[in-house]
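Notes for the one structure printed next.
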Amino acid sequence: MILDAVIISDAKSADLLGVTVDCLDSLYDTRVNIIVVEKQKKEYVGVTTLRQLGEFNYNRYMNEAARIGSAPYIGFFNNDLIFSPPWLDAMLKAFEVTGADSASPSDPHLYKATRGIKWGSRSGKELLGWAIVLKRATWNNIGGLDESVRFWCAENVYEEQIKKHHLRHILVYGSQVHHLRETTLKTLDQPTYEEYTRMQVRQYNSLFRKNLFGWGS
Numbered sequence: 018m019i020l021d022a023v024i025i026s027d028a029k030s031a032d033l034l035g036v037t038v039d040c041l042d043s044l045y046d047t048r049v050n051i052i053v054v055e056k057q058k059k060e061y062v063g064v065t066t067l068r069q070l071g072e073f074n075y076n077r078y079m080n081e082a083a084r085i086g087s088a089p090y091i092g093f094f095n096n097d098l099i100f101s102p103p104w105l106d107a108m109l110k111a112f113e114v115t116g117a118d119s120a121s122p123s124d125p126h127l128y129k130a131t132r133g134i135k136w137g138s139r140s141g142k143e144l145l146g147w148a149i150v151l152k153r154a155t156w157n158n159i160g161g162l163d164e165s166v167r168f169w170c171a172e173n174v175y176e177e178q179i180k181k182h183h184l185r186h187i188l189v190y191g192s193q194v195h196h197l198r199e200t201t202l203k204t205l206d207q208p209t210y211e212e213y214t215r216m217q218v219r220q221y222n223s224l225f226r227k228n229l230f231g232w233g234s
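Residue numbers (the numbering used here): 18 to 234.
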């Protein structure tokens, strides 16, 4: 295996189950070890399924799944993605050519370019939190993904890790993955939604002395 691909899922309805299954179907590759961290009592054919136990924490679940793999690369992905071949070949080639430590694929709905790479680690620009691929050595060296926020700002705290450890991140235009944005956030009650979103922004702002969205801490 060349890549351990971790997917977070909460298939609590037929529609959300379909989103995860479509993602897995598009991701299937004999070089990829797929690990789904699922909240519901679901099993997926041909993949390893872990249960979401304890308080929800996106990066903690990602780290727990990554620990059971051994591939030289780790992919951390949302479940609302469709992977377009040859996304993996383009990603691996970019790592080989650039020597980057981590990378994000490109969503063709957001970026017109289909070739080349862009250096940078700005959240929502070069660093796309719904799809991050790291060298396992990099993940080990930084002690795993920062778990100090639970959902929103998970990519922002990774951006802080990139800065702290002087990592090199790239956006790979030729590695194309469609982000459907079929998020389970839409199905949450208002208090839970606030807990996973606005409260996490304030947590991030407080920890890193930021003012993201002008919300302070």
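All C-beta atoms in this analysis are idealised placements derived from N, C-alpha and C, irrespective of residue type, glycine included.
Report the CB separation of residue i from residue j in whole angstroms; it is logged as a contact under 8 Å.
| i | j | result |
| --- | --- | --- |
| residue 111 | residue 21 | Contact doesn't hold; Cβ gap of about 18 Å is too wide. |
| residue 90 | residue 19 | 6 Å |
| residue 98 | residue 195 | 7 Å |
| residue 94 | residue 23 | 7 Å |
| residue 177 | residue 225 | 6 Å |
| residue 151 | residue 100 | Not quite, the Cβ-Cβ distance comes to about 17 Å (not below 8 Å), so this is no contact. |
Taking the alpha-carbon of residue i as reference, which of the options has the nearest alpha-carbon?
| i | options | result |
| --- | --- | --- |
| residue 52 | 86, 42, 224 and 28 | 86 |
| residue 39 | 18, 227 and 61 | 61 |
| residue 123 | 197, 35 and 213 | 197 |
| residue 191 | 45, 43, 102 and 75 | 102 |
| residue 211 | 174, 181 and 167 | 167 |
| residue 128 | 46, 114 and 143 | 143 |
| residue 77 | 207, 176 and 164 | 164 |
| residue 33 | 229, 203, 160 and 226 | 203 |
| residue 174 | 232, 81, 75 and 152 | 75 |
| residue 64 | 47, 71 and 73 | 47 |
| residue 133 | 115, 71 and 150 | 115 |
| residue 182 | 126, 154 and 88 | 154 |
| residue 30 | 92, 109, 205 and 232 | 205 |
So, using beta-carbon positions, are residue i and residue j closer together than 7 Å?
| i | j | result |
| --- | --- | --- |
| residue 193 | residue 136 | no |
| residue 59 | residue 69 | no |
| residue 96 | residue 140 | no |
| residue 119 | residue 148 | no |
| residue 169 | residue 201 | no |
| residue 54 | residue 67 | yes |
| residue 186 | residue 138 | yes |
| residue 146 | residue 107 | no |
| residue 79 | residue 188 | no |
With DSSP as the reference, identify every bridge partner of residue i, one or two as the case may be.
| i | result |
| --- | --- |
| residue 90 | 20 and 152 |
| residue 135 | 188 |
| residue 52 | 23 and 65 |
| residue 100 | 194 |
- Item | In chain order, each beta strand (DSSP E) run of at least 3 residues that lies wholly inside the region 19-50 | DSSP runs (the beta strand (DSSP E)) wholly in the region 19-50: 20-26.
- Within the region 138-214, note down every full beta strand (DSSP E) run reaching 3 residues or more, in order along the chain. 148-152 and 186-196
- Taking only runs that begin and end inside the region 102-131, name each unbroken alpha helix (DSSP H) of 4 or more residues, in chain order. 104-115
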